[in-house]
Amino acid sequence: MTYAGDLTPQQAWDLLRDDPRAVIVDVRTEAEWRQIGVPDVSELDGRDVTFVEWATATGPNEDFVAQVAEKTGLQPGDDRPIAFLCRSGNRSIGAASDATAAGYGPAYNILEGFEGDVDANGRRTINGWLLRDLPSTTYTGTE
């Protein structure tokens, strides 16, 4: 493992609640944010989710780590926890690995992602941030 570890959605919420320095970065695409919704962490001292696409319509986001640092104010070696979230917990592994390699973190992958795994019918009804009934909201693009 090239990052600090994996957290369940509830463990990620608990980390954010218990450590005011912790940040959550949603690495899905803007289309996913708009169509599905996003985590809502505003009840945690008015904090916001950081939105940075891991991959864009044209391919990998080569500036991903720099954009995360710019939007969060993170510095290499500052030991601020970062929890990365995607749809199902796969892209966020790469995001956590890249952040760790650049000296940020501890960086965590949020298992199950925002929507979770697919059931036998191809629907995302098994797990994930939404199905764990954690706070969510609509994405307005002004975040």
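So that you can map any letter, position 121 of the sequence shown is 121 in the UniProt record's numbering, and since no number is skipped, the others follow by simple counting.
The beta carbon of each residue, even a glycine, is placed where N, CA and C say it ideally should be.
Here the structure is a predicted model, which is why all the values come from computation and not from measurement.
Query: Where does LEU85 sit, in a helix, a strand or coil, going by DSSP?; Result: strand
Query: Quick one, are the C-beta atoms of PRO81 and ARG28 less than 8 Å apart?; Result: no
Query: Which residues does DSSP pair with PHE51 in a beta bridge?; Result: ASP26
Query: Can you tell me where the beta strand (DSSP E) holding LEU7 begins and where it ends?; Result: 5-7
Query: Would you check if there are 3 or more beta carbon pairs closer than 8 Å linking the segment 68-83 to the segment 91-108?; Result: yes
Query: Would you check if the distance between the CB atom of GLY89 and the CB atom of GLY113 is smaller than 8 Å?; Result: yes
Query: Within the continuous alpha helix (DSSP H) that includes ALA95, where are the two ends?; Result: 91-101
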